[in-house]
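Undergrad:
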Amino acid sequence: MQEKSFSDSVQRLDICEALKTKREEAKAAGIPVADDETLQYLLVTLRAAKPEKILEIGTAVGLSGSAALLALPKARLTTIELEEDSYLRAKENFRFFGVENRVNAYLGEAGDIIASMPREMNGTFGFIFLDGPKAQYLKYLPDLKRLLKTGGVLFSDDVLLYGWVDGEPPHKRHMLIEKLREYLSAICSDDELTTSILKIGDGVAVSVKL
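Take the sequence shown: its letters are residues 2 to 211, numbered as in this note's numbering.
#1: Whose C-beta lies closer than 8 angstroms to the C-beta of residue 75 among residues of the same chain, with five residues either side of it excluded?
#2: Is residue 47 near residue 69, with beta carbons less than 8 angstroms apart?
#3: So, helix, strand or coil for residue 193, using DSSP?
#4: Quick check: the Cα distance between residue 28 and residue 34, rounded to an integer number of angstroms?
#5: Can you give me the C-alpha to C-alpha distance between residue 59 and residue 82, rounded to a whole angstrom?
#6: Check residue 37 in the structure and name its three-state DSSP category.
#7: Which residue comes first and which comes last in the alpha helix (DSSP H) that contains residue 158?
#8: DSSP on residue 127, reduced to helix/strand/coil?
#9: Whole angstroms are fine: how far does the CA of residue 96 sit from the CA of residue 157?
#10: Can you list, in chain order, the residues of its chain whose CB lies under 7 angstroms from that of residue 88, leaving out five sequence neighbours each side?
#11: How about residue 211 and residue 205: are their beta carbons less than 8 angstroms apart?
#12: Is it the case that the Cβ atoms of residue 56 and residue 148 are separated by a distance below 8 angstroms?
#13: Would you give the residue range spanned by the beta strand (DSSP E) that residue 58 belongs to?
#14: Taking all protein chains shown into account, decide if residue 5 is buried (16 or more other Cβ within 10 angstroms of its Cβ) or exposed.
#15: Tell me where the beta strand (DSSP E) around residue 81 begins and ends.
#16: Would residue 114 pass as a contact of residue 155 if the rule is Cβ separation under 8 angstroms?
#17: Where in the region 90-137 do unbroken runs of the alpha helix (DSSP H), each at least 4 residues long, occur, reported from the N-terminal end onward?
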């Protein structure tokens, strides 16, 4: 038993090191990945929520999704990515980490895909990780609420975006920041959600469906 436990511990360390290496490579290549602090908080929140099904908006190259599935060995992930190159690299990474059999990956515009998810999928996701196009967060919200189960968590990343949401953004970012402000106002005033906004990374909003 001790030998198996030691072997498992070594394997987990190897996986963590591989994930760290792939994240560093992605950052060096200019590929957007969740920053370290945000990823750690995401994993803490996931472990506390223990969802069976996770929905991710914004797969990128699949590293956050892989980390989530490694943290929750029984969970399944539905993930959506707009860019084909990122989508293909994500599928490679899911295979690399051995989680591909627990992933349903979609290529396309997230708003169209979640809007097309049938009523039978209403309330099926225990956790939603929202990390796609920031200007679309508010547009996605009605369908995300529909798909989120009661007691489920909506984890929205980058909601304070370089501190611009609380301050004065560059002129060319003004419209984007206004949309993020509208999104934050919506989730904070929604009677079906209870929301906390945390200054982690570029800002995280954690909403629980009542």
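From the three backbone atoms N, C-alpha and C, an ideal C-beta is built for every residue, glycine too.
TA: Checking against the coordinates, here is how it stands:
#1: Its chain contains 53 as the residues whose beta carbon lies nearer than 8 angstroms to that of residue 75, once the 5 sequence neighbours on both sides are disregarded; these appear in chain order.
#2: Cβ atoms of residue 47 and residue 69: closer than 8 angstroms.
#3: In the structure shown, the three-state DSSP call for residue 193 is coil.
#4: Cα to Cα, residue 28 sits roughly 7 angstroms from residue 34.
#5: When rounded, the distance between both Cα atoms is 5 angstroms.
#6: Note: residue 37 maps to helix in three-state DSSP.
#7: From DSSP, residue 158 is part of no alpha helix (DSSP H) but of the beta strand (DSSP E) over 149-158.
#8: In the three-state scheme derived from DSSP, where H, G and I count as helix and E and B as strand, residue 127 is classed as strand.
#9: Rounded to the nearest angstrom, the two C-alpha atoms are 26 angstroms apart.
#10: The beta carbon of residue 88 is closer than 7 angstroms to those of 60, 82, 106 and 108 in its chain, skipping five residues each way along the sequence.
#11: It is not a contact, given that the beta carbons lie outside the stated cut-off.
#12: It is a contact, given that the beta carbons lie within the stated cut-off.
#13: Counting along the chain, the beta strand (DSSP E) containing residue 58 begins and ends at 54-58.
#14: Residue placement at residue 5 cannot be trusted, given a pLDDT of 42 that sits under 50; the coordinates are not used to answer.
#15: Counting along the chain, residue 81 sits inside the beta strand (DSSP E) bounded by residues 77-82.
#16: Using a Cβ distance threshold of 8 angstroms, residue 114 and residue 155 do not count as a contacting pair.
#17: If only complete runs of 4 or more residues are kept, the region 90-137 shows the alpha helix (DSSP H) at 111-117, in order along the chain.
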